[in-house]
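**Student:** Chains E, X, A, B and Y supply the protein sequences, listed in that same order.
Mapping of the first sequence onto the working numbering: position 272 corresponds to residue 272, and the numbering continues sequentially without gaps.
If you count the second sequence from 1, you need to add 1000 to reach the working numbering.
If you count the third sequence from 1, you need to add 2000 to reach the working numbering.
If you count the fourth sequence from 1, you need to add 3000 to reach the working numbering.
If you count the fifth sequence from 1, you need to add 4000 to reach the working numbering.
Positions of the beta carbon are idealized from the N, C-alpha and C atoms, including for glycine.
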Amino acid sequence: MSSDDSVLSVDDVSVKFTNSGGLLDMFGEKETVRAVDGISLDIGENDVLTLIGESGCGKSTLGKTLIGAQKPTSGSITYRGQDIWEAKNGKNPAISFSEIRRSLQIIHQDPGSALNPNQRILTSLMLPLKKWNPNLGNEERKKRIYALLERVGLTPAEDFVQRFPHQLSGGEKQRVVLVRSLLLNPDVILADEAISALDVSLRVEMMDLMLELQDLFDTSYIFISHDLSNARYIAEKSGGRIAVMYLGRIVEVGPIEQVIGDPQHPYTQALKWATPNLYGEEDDDLPIRKIDIPDPTNRPSGCHFHPRCPKAREVCQREDPGQFDAGDGHGARCFRVDDTHEYWDSPSIVDD
Amino acid sequence: MSDAHSDDFDLEDLYDEGIEPDTESSSERLKRAIEMNVLAPARIAIADWRALVGGAILAFFLLMGTVGVWLVKRPTSGDAPVLAAPFESLAYPLGTDVFGQPIHAQLIHATPGMFKMIFAGAVVSVGFAAIVGVVAGFEHGSRIDSFLMTITDVVITIPGLPLIIVITAIFQPENPYIVGVFLGIDNWPGLARTVRSQVLSIREESYVEASEIMGIPMTSILRRDILSQLMPYVMINGALTSRRIIFESVGLYFLGILPFTTFNWGVMMNLAYEGNALTRPDMLPWMVAPMVCIFLLSFGLVLLSQGLDSLFNVRLRARHVNSSKKRTSKSNTANASQGD
Amino acid sequence: MRTSNQNDSDVVFEVRDLEVTFGTKRGESRVVRNVDFDIHRNETLGMVGESGSGKSMTSSALMNAVVSPGETSGEVTYYPPDGGEPISVLDLDEDELRRFRWGEVAMVFQGAMSSFNPVKKVRGHFVETLEDHNRDVEAGLERAHKILGDLYLDPDRVLDSYPYELSGGMKQRALIGLALILEPEVLVMDEPTAALDLLMQRSIVALLKELKTEYDLTIIFITHDLPLLTKLADRLIVMYAFDIVEVGSTDDILYDAAHPYTRSLLNATPDLKAPIEEMQSISGAKPDPVTNVPGCSYHPRCPMATEACKAQEPPMEDRSASHRTACIHHEDVSDEIPIPAKPMEGELQ
Amino acid sequence: FDSSGQTTDEESTDSNTDSSSNGGGGSGLADDTLDFPAGRPATDVQFNRYSLGNYAHTLQDQLFEEVARGYADGSVRPDLLEDMTVDGRTLTLTFPEGFKWWNGDDLTAEDYYIGLEIDRLQAPEESPIESNVLVDDYTIERTFKTAVSPNLMKANVAETFVNTPRSVYGEYLTRYEEASSDSEREAVTSDLLDMSITTQQLIDEGLGNALYRVTGFNSSETICELFEDHPYAERTDIPKVRILPETTSDVESLAVNDKLDMNPDVIMSDSQKSTYPDNIENVYRLNWFRTQKFTFNFKNEHIARLPIRRAIVNAVDFESMVAAMRQAGTVGAPAENQTALRSTIHEEYLGSDFVDQLIDYPVGKDLDAATAYMEQAGYSKENGTWVDPNGESFTFTVLTQNNNTQVQATKVFNDQLNAFGIQTKISTVSSTDYYQRLQTYEADIFWIWHVAKALWHPTAYFSNNFYGIEVGDPSSGGETGPTGKPFTTTIPNEVGATEIQGSGKEIQPAELMTTLPNSTSAEEVQEKTRDLVQWFNYALPDFVFVEEDSGYWGDTSDFSMPTGDEHELNTNRPGEFAFKNGWISSNSQ
Amino acid sequence: MTPQYLLKRLGQALLTFFVTMTVSFLLYQAMPGGPTEAMRSVILSQSGGSVDIDRLNRMIQLYTNVNPDQPMHVQYFNYASDVILRQDLGTSFFKNEEVTTLIMQRIPWSMFISVYALALGYSLSIFLGVMTAYREKSRFDSTVSSLIIGLNSIPYYIVGVVLIYFLAIQNSYFPTGGRIGSGIAPGYNPEFMISLVKHAALPAISMGALATSGALAMRGNAIRVLGEDYIRVAQLRGLRETRIATQYLGHNSILPMYTQFMIGIAGVFSSAVIVEEVFAYPGMGLLMFEAVKTQDYPLLMGTLLVFTAISLTAIFIADLTYTFIDPRISVGE
Ligand SMILES: Nc1ncnc2c1ncn2[C@@H]1O[C@H](COP(=O)(O)OP(=O)(O)OP(=O)(O)O)[C@@H](O)[C@H]1O
Ligand SMILES: Nc1ncnc2c1ncn2[C@@H]1O[C@H](COP(=O)(O)OP(=O)(O)OP(=O)(O)O)[C@@H](O)[C@H]1O
Ligand SMILES: [Mg+2]
Ligand SMILES: [Mg+2]
């Protein structure tokens, strides 16, 4: 996918967090977390990208960087060819920063905290409309809101808008949040763990709703999850891609059938193992050598996964594997993808 | 989803912002302001007995300071027999002092000054704290933040009472507003820290981030998303600050450190004490009456703050029941930091 | 397929007529209603159900540990190993209860992340537990080393750490270690993995299996995560609306779920392998513990509900020797609500 | 507590304390110990009289012999001195033999002379003294630069103490004498100012000379024992005295609880009588020299107008002001005449005819007269409040100390003016701030004592400072001083006239007050005093409202105390005077 | 605890001290009239209306000749270097003694009553806080809570006045003031000790009243801690009640209050200014009060600095000890 027809594209972005020092903090040693480490990606029109990975691997940070809510430490993000952060600071950008702002929206994980508890639903929904459609009449705005609310199944809308967030269930709140982001007619919506807080029985419905609206509104989704089966549901239903993150890097990316069906990276394989299926026996032997994730401020050398990798060899300790193409838009950051790599001659470092 | 607390009192109802925010006229805005600043707290007060009693006491003193001063003549020496005992005459139900001034009238005419002092002190310290706290919280991690917090920590560690004593000894303020301001000097840092941590935790709430991402202007976010959440803390602390200002001001008048020009409870105590009221039973009412007033008013303020605290906490709890379990513990730590 | 090593005669816990109620402003909230079940020695019993269906309350009742102001009534009888005198848990006095807890039944519960006293080192937690149960501390700590090792932890490092120095997964495993320190008979685990990553969850489940055999445990495992549970449990209890709606071996439930709720739940559960078309959620709202739904509590959401369902509360009926359910329509359920897997008659005992 | 410097102080209490004497009883802490309040804790004070801070102003009275005293009749007579005579410009002081310092040294004239000389040498040009000559060990000749009335020459040494023991101050005098330049003199001054004599030093080196010597002290008491080598030691049987600090102990409750045997310069008011134990009586009552007044600040344009000042004096009732003060323990009577002098000395300096002629301001209030005065000045009343001829309203600030008696009087004054329609605002500040504002005249009317020296003498009342009547320094160049009072003013020719007829008599009050102490004769004193009195009476630069009474009270059942019949007590601090003379003895035997 | 953390806290303390010193210097400059005027006023007020003004003026003039005023920055530099390098706070105007000496004499007495007050007040607030939390909503809770609210509504100096009235004046159980009785020899004899305690008792109790203001906050914390998972787990673990009450509930509810308690120490110590005046107890507070009354600026500033130093020390100790009671602190804020 070239960046011409992509809505969003990031090129070699990194985000670093350094614990900040106060006036008297000059003595403290600084710790740096590379939450996102040199990632390049493109999101096209009507695209769905699903990010998965363990907690703290940088999914949210990458997502926020993509929608321009987090300034990258290095690298660039462009929205329809316009560099987002240049648009913010520069003069006369082709697309104004506020236009970009509107086009990239977010749905948070926790529906409970995504709405101001002191505002009625109507107020929360009116505000963005007021900001972005100042010419619209009040009635007009309400009409839009009601229509959307009813579209997501919150009927009667007149009743719902008069409630406060705590008077709604988690699923209802999440729908309101979805409506709020859709009101702005965005190009990309970042759904950061948007369904994790919902009861299992409601997740499928919510995911269906989101995908349905994607068709309707022509939006792209960046869908973050730590649950492979949910990710797979979304990705498969929308025909989108899935990207597996590990310690700030995308270690495997590709169409769902390939990543899930034929995972190349040992980490993806471990994730797959960790996602049990209702039916069918699975192997109980741990496919990783260490259960715990390494300290993100002090990441392992070479391939970051090597201390946990059951297939690690000596070369993995010293060399950082780049992205290897496994065909059909499927890539993995593992030497094993390359049949000719020196990896195969390197001694194993797995003891048992 | 209806939870166990849904039938509890809802503060949210109080912040009803009206349906047509953009067509809001100035009179409606005024109405809303009254709603938020007067009626809402009043309704809160009614919902908890402590707040109710506290509010009633406060209202009583407010009436004393506003209507009372009109109804009861400003006492002058020789109004009545000197050192008359209480409950002898309706003209001086609490007795009189050595000047023959009715004690009840002195109490009443001392109230406006007291409230001016409280008002100035509370406004200054709470206002300052709120500004510092919000700015620091908003600029979290920046130089401004660390600068403000360093100042706050410095002021927090300077012992307040001695500092105030030194300052008032030097400037000899007579105007109650200025006295209040001086007394507010040592009061703000604790609250500023609380406000900052509140702002930090509110900023963590995703709806603030959502507002930012939706491009809502910062001022609007501040007002709608952050300040409204801070109101409870500010109000509770306002009540506690007021109590402190009463204690300190009366103490300084009592000791004769602050100069005085008009009636004041501390001054009454000072004159009575200096006049050896403790060894002269006929002077005791002169000494005890202001003590009772101080007790009542600060009792009222403490009750009010307690009542508000529990009300707001119920609300916070109610909210957290609905949100994820992870959050509850976070808000607990935030709550823990407030208190006198 | 799986063979359950259950043995009806060897019961650890016998629960009868268990009721847990809370007095609320709106009225009495019955959060566990008339629940009967047995727990067999050395089995792993899984408990699933919607959030708020009463799973935690039921399991807390096993230790008479329902949070105040909850009232527990009914009978909970514990049968010690080696044929000791049965203990009626709800009748224990405070001191007996104190010794019963953790000594006989240990519990790793939902808020595991904050289960440690934040200002005490992990070692302190082990030591005080041993002390307060009058055990030999030296020997106990030695055991702790071994258990922690079995949990893929570095015992010395973990023991000398403060809780905040451990990651969530490590804390969780340390807590499991702490649960085993007194060699309890029964380990109750109330969503021990909910807050953890996928990989960690699955790893812990894998570890639990090993621990169970090694330490001769009876495990009660509560979770929302049905797929995970099926990898661990021998038997499953399905709860809906504060009561048990179905009990059976794992295979019974997976392949021959007899209650409409169970079947919908199976359909709603995302699964890597299941065809996505078959997934659907359960519509409708969950019941409120204060109001009493007449008849079957599931009927307002049940696609098969009939007038009869509204009229009376369905009794528990046997579907097979190991499998019981509370649905009057359980005969027809397989046709009405299809699930991904067909019943495998032949493979059931 | 061992680490604190306090320990030595506390321990010193012990040195001669006989624990058996602590039996206590109804009459005080010990039967034969005289307990009375005075001054500040001995731990807080020091005894170098040249050091600025912390001098033992009150304690020194008990511990040093006083050279001469003023009496209520206006005369000044020897106390310690055997004789004091005037010959031309020379005052000869004759000291008695037989007195000793506590350390055994003889008390000689030199011990006093050193102080006189140091005072003179610190600023020889400004000093009125030409020379002090130590004629022999017991005689000093003090010569003034100009001729001064004999009484004034005596007054010059009244209320002074023999408190410069040669063993301590001798070296400083030598250095002053040797100093040849201003800077050398300043160096000596600097050293002298820095020197300090602590109470402990006073005990250790025996640097006192009165009948009772300090033997121990701590923050709550100073213990004194009879100094056996004192000539009066035979007169009394009280072996021990305990001085309780007035400033830190609650004198009132000590008195009420019968913990005091005497108060050396205070009498009980009626209200106190009712709460004090029965064995306490007012022993001696004295018309004290002290009066109290309100000072007008002429910088206020309204106050600068004579009718307004007169209206104020007419509008207030002195009796009720004094009544309020009595509640706070002040004993006294309203001032009958506005002469600025205590009425006790009217006869001596004015004569009754003169006093009768003066303008008679009412002691009570005369609102009609007050109104007339206001209207005379063109003021009118609007809604009960006076406004000036331009219709502007005005408010006077009345400054007072937050001390009980002062507040009482000022408060009543204030209220009465308000009732009359003159708006006032009372400003009550702590003692030091009060003096601060008093010195800079940052108010319109000030409460203040009226007496600049502890003497019954016109110089004590007509003194050009705020204790007297401050007009300011005429040499400063302007027409008025800090109070706005003119340096040159006109009064009627005729004594008692309320208005100036013709050109009137031009006088210069500041000048008169400055030269009054240097008057060459008793006649000149009288003449200047009469001019000043007439000025005061006519122009009301200030007004006096109370004449205080003093005296002392004591426990007459346990002690026998002189009532004034056998000894002349009409002098300042009569109780202490009696005690220092050994006239108080116990009734225990 | 990391050394960095320690250094940071130390830096903070020094900064505070420096700021206070500068502020007090500036205040000194801001006072009306200047030091000479102040001195004159002091002596006037000291002598209570019977001083020979001419003589006083002469003395003041001598004094100013000897000690002329210096430019402000020179004064500041001298002052700062005296304070920092020589711990010299100057000489009291009024008492003609080194401020440092005066303060050193008084500090032990204030320490004495403050320590008793703190021990009394804090143990009571912790005890009552935990007890009421344990019995939340019981009658015991509501009674004790109301009492605490009531007590907190009475300023401590009024507590002092009331105590004096009932226990010293109406009934002479205690003395009305002073720090030891008259005629009692200091030393380790029972009479002295009893007198010492009797004199300290009422001031300590009224200061202690101030220290109990933490009880309600303590109760709130304890209630929150009671809701924590680890308490429930501790109960499930069959730990003994006493252990849970102290090591779990008590310890963790003190945590959020710990720094406040330490700042409170400074507050209680500072309250000596008022309490010692009410009881005429000659400690640091009374010293400061006297300094205020007499506008003895060197002494006033000295006492302010010492109060600040005590406060800083308390907080610094709090920071150091905090790591012992809350190990989490060393990782950050
Ligand atoms: N504002 C921040 N300041 C400092 N560090 C941060 C910040 N935000 C994130 N991090 C760190 O960056 C890393 C990645 O965080 P991120 O939130 O992107 O992870 P995640 O994959 O979304 O995790 P989760 O699944 O828990 O949401 C983590 O180590 C986190 O601690
Ligand atoms: N303290 C309480 N007071 C009143 N009702 C309560 C209380 N605690 C829990 N409940 C109610 O009891 C019911 C059962 O709670 P329980 O914790 O057993 O559910 P659960 O099945 O464990 O749910 P989850 O999966 O969310 O943990 C719920 O409806 C809940 O609202
Ligand atoms: Mg995230
Ligand atoms: Mg649960």
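Does the distance between the C-beta of S60 of chain E and the nearest non-hydrogen atom of ligand 1 fall short of 7 Å?
**Tutor:** Taking the first residue of the first sequence as position 1, residue 60 of chain E is located at position 60. True, at least one ligand heavy atom lies under 7 Å from that Cβ.
**Student:** At which residues does the alpha helix (DSSP H) containing R976 of chain X begin and terminate?
**Tutor:** Absent from the model: residue 976 of chain X. The displayed extent of chain X is 1001 to 1340, so no value can be given.
**Student:** How many Å lie between E2050 of chain A and L228 of chain E at the Cα?
**Tutor:** In the third sequence, residue 2050 of chain A corresponds to position 50, counting from 1. In the first sequence, residue 228 of chain E corresponds to position 228, counting from 1. So the two alpha carbons sit approximately 21 Å from each other.
**Student:** At 3 residues or longer, and completely inside the segment 2030-2104 of chain A: list those beta strand (DSSP E) runs for me, N to C.
**Tutor:** Here the runs fully enclosed are 2044-2049, 2071-2078.
**Student:** Can you tell which of B:E3347, B:N3054, B:R3342, B:V3214 has the C-alpha that lies nearest to the C-alpha of E4290 of chain Y?
**Tutor:** Here residue 4290 of chain Y corresponds to residue number 290 of the fifth sequence, with the count starting at 1. Comparing Cα positions, the closest option is B:N3054.
**Student:** Rounded to whole angstroms, what is the Cα-Cα separation between M3374 of chain B and S3380 of chain B?
**Tutor:** Numbered from its first residue, the fourth sequence carries residue 3374 of chain B at position 374. Numbered from its first residue, the fourth sequence carries residue 3380 of chain B at position 380. Whole-angstrom Cα-Cα distance: 7 Å.
**Student:** Just to confirm the assignment: which complete beta strand (DSSP E) runs, minimum length 3, are found wholly within the segment 2130-2190 of chain A?
**Tutor:** If we require 3 residues or more, the beta strand (DSSP E) runs fully inside the segment 2130-2190 of chain A come out as 2186-2190.
**Student:** Between the Cα of L3306 of chain B and those of B:G3551, B:A3539, B:E3125, B:M3153, spot the shortest distance and give me the residue it belongs to.
**Tutor:** One-based indexing of the fourth sequence puts residue 3306 of chain B at position 306. Measuring from the Cα of L3306 of chain B, the nearest candidate turns out to be B:A3539.
**Student:** For ligand 1, I want to know if A69 of chain E counts as a neighbour, meaning its beta carbon is within less than 7 Å of at least one of the ligand's heavy atoms.
**Tutor:** Here residue 69 of chain E refers to the residue found at position 69 when the first sequence is read from its first residue. No, Cβ of A69 of chain E sits at least 7 Å from all heavy atoms of ligand 1.
**Student:** Here's the rule: buried if 16 or more other CB atoms are within 10 angstroms of the residue's CB, otherwise exposed. What is W3386 of chain B?
**Tutor:** For the purposes of this step, residue 3386 of chain B is taken as residue 386 along the fourth sequence, with counting starting at 1. Answer is buried; the Cβ neighbour count reaches 16.
**Student:** Just to make sure I have the definition right: I need the residues of chain X whose C-beta is within less than 9 Å of the C-beta of A4080 of chain Y. Which are they?
**Tutor:** Here residue 4080 of chain Y refers to the residue found at position 80 when the fifth sequence is read from its first residue. Per Cβ cutoff of 9 Å: no residues; A4080 of chain Y is ~17 Å from chain X at best.
**Student:** Under a Cβ-count criterion, where at least 16 other Cβ atoms within 10 Å of its own Cβ denotes burial, should T2213 of chain A be classed as buried or exposed?
**Tutor:** Position 213 of the third sequence, counted from the start, is the residue given in the question as residue 2213 of chain A. T2213 of chain A is exposed by the Cβ-count criterion.
**Student:** Please confirm whether E1248 of chain X has its beta-carbon closer than 8 Å to some beta-carbon of chain B.
**Tutor:** Mapped onto the second sequence, residue 1248 of chain X falls at position 248. No, E1248 of chain X does not count as interfacial toward chain B.
**Student:** With respect to 7 Å, is the separation between the Cβ of H1140 of chain X and the closest non-hydrogen atom of ligand 1 below this value?
**Tutor:** By one-based count along the second sequence, residue 1140 of chain X stands at place 140. Because no heavy atom of ligand 1 lies under 7 Å away, the Cβ of H1140 of chain X does not count as near it: no.
**Student:** So which residues of chain E does P2314 of chain A contact, with C-beta pairs closer than 9 Å?
**Tutor:** Along the third sequence, one-based indexing puts residue 2314 of chain A at 314. Within 9 Å Cβ-Cβ: nothing; P2314 of chain A doesn't reach chain E, min ~21 Å.
**Student:** Checking contacts by CB at 8 Å: is S3219 of chain B closer than that to chain Y?
**Tutor:** If you number the fourth sequence from 1, residue 3219 of chain B lands on position 219. Yes - at least one Cβ of chain Y is within 8 Å of the one on S3219 of chain B.
**Student:** Given a cut-off of 8 Å, decide if V3148 of chain B and I3140 of chain B are closer than it, judged by their beta-carbon atoms.
**Tutor:** Against the fourth sequence, residue 3140 of chain B aligns to sequence position 140. Against the fourth sequence, residue 3148 of chain B aligns to sequence position 148. Contact: no.
**Student:** On the CB-based measure, 16 or more other CB atoms within 10 Å of its CB, does H1109 of chain X come out buried or exposed?
**Tutor:** In the second sequence, the residue the question calls residue 1109 of chain X occupies position 109. Result: buried.
**Student:** Should A1051 of chain X be listed as close to ligand 1, given that the test is whether its C-beta is under 7 Å from any heavy atom?
**Tutor:** The sequence position of residue 1051 of chain X within the second sequence is 51, counting from 1. Checking the Cβ of A1051 of chain X against ligand 1 gives no.
**Student:** Closer than 8 Å by beta-carbon distance: list the chain E residues that pair up with D1225 of chain X, in chain order.
**Tutor:** Position 225 of the second sequence, counted from the start, is the residue given in the question as residue 1225 of chain X. Here the neighbours are N116.
**Student:** Which residues in chain X sit within 8 Å of N3383 of chain B, going by Cβ to Cβ distance?
**Tutor:** Start at 1 with the first residue of the fourth sequence, and residue 3383 of chain B comes out as number 383. Near N3383 of chain B there are no residues of chain X at all, since even the closest Cβ is about 15 Å away, more than 8 Å.
**Student:** Assign E3392 of chain B to one of two classes, buried (16 or more other C-beta atoms within 10 Å of its C-beta) or exposed (fewer than that).
**Tutor:** Here the question's residue 3392 of chain B lines up with position 392 in the fourth sequence. Exposed is the call here.
**Student:** For the beta strand (DSSP E) that contains R34 of chain E, what are its first and last residues?
**Tutor:** By 1-based counting over the first sequence, the position of residue 34 of chain E is 34. 32-44 is the span of the beta strand (DSSP E), which, as asked, contains R34 of chain E.
**Student:** Am I right that V1208 of chain X and I1221 of chain X are in contact with their C-beta atoms under 8 Å? What's the rounded C-beta distance?
**Tutor:** By one-based count along the second sequence, residue 1208 of chain X stands at place 208. By one-based count along the second sequence, residue 1221 of chain X stands at place 221. 6 Å between Cβ atoms; contact.
**Student:** What residues from chain X crowd round A3369 of chain B, counting only those whose CB sits closer than 8 Å?
**Tutor:** Position 369 of the fourth sequence holds residue 3369 of chain B. Here the premise fails: no neighbours, minimum Cβ distance about 20 Å.
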